[in-house]
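Read through the structure below, which is laid out as structure tokens, and then see the notes.
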Amino acid sequence: MFGIEIFTKTKYKDSRGEHVLSDINSSGVSKGVKKVKYCSLYIVDGNLSLNEIRMIASCLLSDNITEGYKITKYGSKNSKSYLNNIFVSKAMIEVVYKKGVTDTVSSSVVKAVKDLGINKDIKVKTGHRYYLSGKLSKTILDTIACKLLSNTLIQEYKIKSVK
Amino acid sequence: MKKVKVLILRTAGTNCDLETQNAFELCGASVERLHINFLVNNKNKILDYDILAFPGGFSYGDDIASGKILANEIKNKLGSQVKKFALSSRPIIGICNGFQVLVKMGLLPESELCDQKSTLSYNDSNKFECRWVYLKTEQKSSCIWTKNLPSVINLPVAHSEGKFIPKDKELLSKLNKGNQVVFRYSTKDGKEPKYPLCPNGSAENIAGICNKKGNIFGLMPHPERYIFPLQHPRRESSGSEYGWGKIIFQNAVNAVK
Amino acid sequence: MKSVVDCNVVEILNLSDKQLVSLSKKNVLSLSLAEMKAVQEYFKKLKRNPTDVEMETIAQTWSEHCKHKTLTGIIEYIQIKNGKKTKKTYNSLLKETIFKATVELNKKWCLSVFKDNAGIIDFDLKNGVAFKVETHNHPSALEPYGGSATGIGGVVRDILGVGLGAKPLANTDVFCFGDPTTKPSKVPKGVHHPKRIIKGVVSGVRDYGNRMGIPTVNGSVYFDHDYMANPLVFCGTMGVIPKNKIEKKVSPGDLILVVGGRTGRDGIHGATFSSVQLDQGSDVSAVQIGNPIVEKKVLDTMLSARDLNLYRAVTDCGAGGLSSAIGELGQKTGAVVCLDKVPLKYDGLYPWEIWISEAQERMVFAVPPKNKKKIVEIFKKENVEAVFIGQFTKDKKLVLKYDKNTVANIDMSFLHDGIPKPTRKAECKIKEEKLQKTVKLTSSELLMVLKKSLADLNVCSKEWIIRQYDHEVLGQTIIKPLQGNNIEISGPGDAAVIFPYAVIKGTKKGIVLSNGLNPSYGKINTYKMAASAIEEALRNAVCVGGNIEKLAILDNFCWGNPNKPEILGSLVCSANACYEMSKAFSVPFISGKDSLHNEYSIGDKKLSISPVLLISAVGVIENVANTITMPFKNSGNKVYILGITRNELGGSVISKIKNIKDGIVPNVYPKESVPIMKGIYKAIGKGLIESCHDASEGGLAVAVSEMSFSSGYGVNINIDYIKTADTMSAAEILFSESNGRFVVEVAPNNENRFKKIFKGLSVSEVGCVSDNKFVIFESQKEKVKFKEKLINLINSWKNTISW
């Protein structure tokens, strides 16, 4: 399983990240968050070669002017580095749909991958990643994740510390 | 006089095809709206037409990014036919989602290359913006679609990904020098606008561009929504019984007559 | 894909009353004891226990959402007014009030009322206009984005499923939310913050409506902390339908075709759930997520199948899913359905889950066997999934099969008519309203109240919402939700007008859409709330050029728990208002919907909403050129007020701002209003009115200010010239919210002809439009005068909601 993360290149405006930051600030949840970077996340499962994954990331999922991509192995290992409730300066919140919840973008990606000429059965899950920096703790991040970034009725989130 | 034949390409999520058809028909053209599945199965059908239009909407829900999936699909399945059509100097227009498709498949701004050199990204406001704007028309533009327009016109926009970003400064100056910039968002007097008169934060307030030859035109505003004065917020006309949007379609129809 | 073949028999024959009640609760059936006993009785006759599929089918069909059993049940009503009691028993409230008015009015231009998925009125020789408004409250409270999106998706399907299918042309949206400035600590546990709900709901409507390519053209938002835990989301869709496609009739032998989205576990128990009070442990699978592109593809394809006459009937899968859709279509015939043929999103569904799932974007068609191939071909061409799952029969039985095993076999007649009529008690005490102590304000206080009124959540600009909706797609929105003389500024339009030139070639006609909503009045008097909502909806339509003789209305009741006599009583009271006003204005109801049980409990604290009646109006305009907007058009023009201002501050914006305790809630005077409304239609048709705006929340002061700042022109108003019914102070005149009033602008050269039309009616010239950029109000009698720059008024109005 691969995780493809799409980010806005630094020289371009990340309006979605800025919007989340202003939401956090105006919600009164925390005053410690200084910056939010938004990334979209595609979790792709199927018998794909690394080349094919690269092609999907570069030709389909990212915009080659304003966006870049990062491919990682996606699996249970990721959930290991949970935060303690001490302050950290950087963290990532990942939000994905719970199993069984309709993921409309996913079916579009499956179609579009076929259009690329990759005729393989794949499964796609979509999600969001928010990279936050500032004065953060597990409590703050949990509150942000629950109150602003996800609805735990249909989505689940993970919090990871990042370097 | 021959009847000008227009092809409006549609797919899942296309939704401005009907009013675009009406606009062309009002200009005396005969119009067919065909689904991409049909065209993929009848590849050379495209070449039967005089004008090709990519209408507005949310092709495939604008999932991943606006126009992206349709741009890829056309490129991979109909690329050579569309390119052939473009190089034969026949008029092509991409409106809103259609513009996003043209840019993302690389038919604009350099149709010869068919390589994505610019993009339409998220509005600075991070919001969908539905409003009327002032557009300054670049009088020197080589675009065949925008002849006979006054220096400033009104059209409505409705998009959340309309911020035009060229790959680099060289491309931007090339567009300027080559008279490929067709419309810029402006104030009422054609001056530099601020948000919301520039609804998206485009580079140099660019709202529409064409290729070097001027036959391929892409724009975020919706000319098909200003065919009659009644559609204008103040019911202004273009000095005739029509709105300025109609003149744009008329230009292309006249050009191939 | 495979489903689990488990179909269980539910032991019911030998259960005691107590056990029946607990079974209903345990399985979320939401059936009362009387209903459970009727089921028991039926299966005793069949000498067997029901299967789970049968129990679920009955529960869905008999749910409040599908059957409206409160409004069609027996109600013993007592009204207490000035200590006097009057009693009345209704056998069906709906039939004896709202529907009765429609029957008595008997308008020839009403083509289909209260029987299909939407009401239909006459448009022209060949076409009708269909309109429907629905609520999607509970899902929107739990998942604001998905809830409102599927609300829109659902009501659009109602329009696709009316007759043989109408083409949707416009959406409307009305919301009631909690106060977005609520401190997070004041939000009850398990409830989303109002701002989050607002953002989610607006995004949901935006993404679904915009992607469907249907403009969202009209709406209203009302804020009150009553709606914090239980927001109200009303979604409406208007469409056009050829007159020869209005009737649908299933023939035995027709094949059952399910088209569009796949079936998953989404929204299981949505229909019964909507009759259950919300609590924190609400069922997860009740939440549905929509996919607008799937529905768009269905829309694109089904209308071409319609025009080729390939099917005999269609309806949408809404609450209750396939169970309701096929149950309804096959009511008079009978049906056999093979549940294993239904396309699924994933494995593992029980047969009963397939049958009642509320997965979105599904339509059911009745197809004559000879068209089998052709119709599937049409859907297939554009990648729309279409699968035959059964057949309509003539034995009047509902038979469900799974892998050749019969999992349900019940009589249609029991399913549809077997439900025992409940008897409910209702009581309404009409509160006595007292005139407030005279409100006298100084000039600067008056200005302060004006600015605070403009900034009030219920008056302020909703531009942040409106511009996120594509309100111009299809290019037919000729009277837009925001109206201004410059692109840079705009004021709030009263109603929207659609000019369907792209769909009905060569037409000159238009369709007006408007709404009326006054929850603040309902807290005091639900009769007046209902009457005011009706008048306001009509008034709004008249402002842009609507003809009151060609308007029809829809009702949407959102109420608390109807098992409480005082809550049901307030509903009966407003239903009576609906009857009387519909008759008095000669405006028929053509469709409606109710959402009851809008209650929410946290711990032992019970929150319940203030009742809301939304009235939505639709009408045909003969010539779209004869429509106008609300900004002033030119300096030197005269300002007139039509209608009488009364001392009616009850439930008003000023009473909230100045904390005024008493006050009379605005009443409705049809005998005064009808001739004025007819006069305005006539005057607009003759080009005698330049602009028109209704006085509602915030009264005349707000209405005049809005006309002024959206135009860029100033205005001078002499308060002493405003016609009043009682002796009133300047503050009361300016901020009273009396119904039936219009502010109109008339060019000097049209004045004589204008006055002639309104001869004998209450009309007063109160000021003129000026070149300077000030709004000025003055009373020599009271020696008050205030003056404010347009830009400051705009800012007061615009800055409340700008996120």
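Chains as they are written, first to last, in the numbering used here: chain A, 1 to 163; chain B, 1001 to 1257; chain C, 2001 to 2803.
Glycine included, each C-beta is placed from N, C-alpha and C at the ideal position.
What's the C-alpha gap between residue i and residue j?
i	j	result
residue 93 of chain A	residue 64 of chain A	25 Å
residue 2478 of chain C	residue 2472 of chain C	8 Å
residue 2017 of chain C	residue 2191 of chain C	35 Å
residue 2114 of chain C	residue 2100 of chain C	11 Å
residue 2435 of chain C	residue 2197 of chain C	37 Å
residue 2283 of chain C	residue 2052 of chain C	Unreliable positioning characterises residue 2283 of chain C in this predicted model, as indicated by a pLDDT of 45, which lies under 50. The coordinate reading is nonetheless provided below. Their backbone Cα atoms lie some 19 Å apart in a straight line.
residue 2690 of chain C	residue 2745 of chain C	5 Å
residue 2086 of chain C	residue 2428 of chain C	10 Å
residue 2666 of chain C	residue 2731 of chain C	16 Å
residue 2279 of chain C	residue 2138 of chain C	Confidence is the limiting factor: at residue 2279 of chain C the pLDDT is only 45, short of 50, which leaves the residue's position unreliable, though a coordinate-based value still follows. If I take the Cα positions, the gap works out to 10 Å.
residue 106 of chain A	residue 1068 of chain B	14 Å
residue 2206 of chain C	residue 2217 of chain C	12 Å
residue 35 of chain A	residue 136 of chain A	11 Å
residue 2224 of chain C	residue 2183 of chain C	14 Å
residue 117 of chain A	residue 1004 of chain B	35 Å
residue 2446 of chain C	residue 1187 of chain B	36 Å
residue 86 of chain A	residue 51 of chain A	40 Å
residue 2717 of chain C	residue 2737 of chain C	18 Å
Just to confirm, is the Cβ distance from residue i to residue j under 8 Å?
i	j	result
residue 2735 of chain C	residue 2608 of chain C	no
residue 2433 of chain C	residue 2696 of chain C	no
residue 2419 of chain C	residue 2062 of chain C	yes
residue 2314 of chain C	residue 2164 of chain C	yes
residue 1165 of chain B	residue 1184 of chain B	no
residue 2483 of chain C	residue 2475 of chain C	no
residue 2231 of chain C	residue 2317 of chain C	no
residue 154 of chain A	residue 96 of chain A	no
residue 1014 of chain B	residue 1224 of chain B	no
residue 2148 of chain C	residue 2454 of chain C	no
residue 2399 of chain C	residue 2342 of chain C	no
residue 2383 of chain C	residue 2297 of chain C	yes
residue 1052 of chain B	residue 1032 of chain B	no
residue 2637 of chain C	residue 2747 of chain C	yes
Which of helix, strand or coil does DSSP assign to residue i?
i	result
residue 2728 of chain C	coil
residue 2040 of chain C	helix
residue 2277 of chain C	Low local confidence applies: a pLDDT of 48 at residue 2277 of chain C is under 50, so the model's placement there is unreliable, with the coordinate-based value given in what follows. Correct three-state label for residue 2277 of chain C: coil.
residue 1012 of chain B	coil
residue 1131 of chain B	strand
residue 47 of chain A	coil
residue 2137 of chain C	helix
residue 2116 of chain C	coil
residue 2685 of chain C	helix
Could you tell me if residue i is buried or exposed, where buried requires 16 or more neighbouring beta carbons within 10 angstroms of its beta carbon?
i	result
residue 2540 of chain C	buried
residue 2173 of chain C	buried
residue 2121 of chain C	buried
residue 2809 of chain C	Absent from the model: residue 2809 of chain C. The displayed extent of chain C is 2001 to 2803, so no value can be given.
residue 1195 of chain B	exposed
residue 1241 of chain B	exposed
residue 145 of chain A	buried
Which full runs of the alpha helix (DSSP H) of 4+ residues lie inside the region 103-133 of chain A, going along the chain?
Qualifying alpha helix (DSSP H) stretches, in chain order: 104-115.
What alpha helix (DSSP H) runs, 4 residues minimum, are completely inside the region 2535-2586 of chain C?
2565-2585
If you scan the region 2447-2493 of chain C from start to end, which runs of the alpha helix (DSSP H) of 4 or more residues do you find wholly inside it?
Restricted to the region 2447-2493 of chain C, the alpha helix (DSSP H) segments that are unbroken, complete and at least 4 residues in length are 2463-2466, listed in chain order.
Whole beta strand (DSSP E) runs in the region 1193-1247 of chain B with 3 or more residues, listed along the chain?
Those beta strand (DSSP E) runs which fall completely within the region 1193-1247 of chain B and span 3+ residues are 1206-1210, 1216-1219.
Segments of 4+ residues assigned as alpha helix (DSSP H) that fall wholly inside the region 2691-2757 of chain C:
2699-2709, 2730-2735, 2751-2757
Which complete alpha helix (DSSP H) runs does the region 2592-2664 of chain C hold, if anything under 4 residues is left out?
2653-2657
In the region 2356-2424 of chain C, which residue ranges form an unbroken alpha helix (DSSP H) of at least 4 residues, counting only runs that do not cross its ends?
2372-2381, 2412-2417
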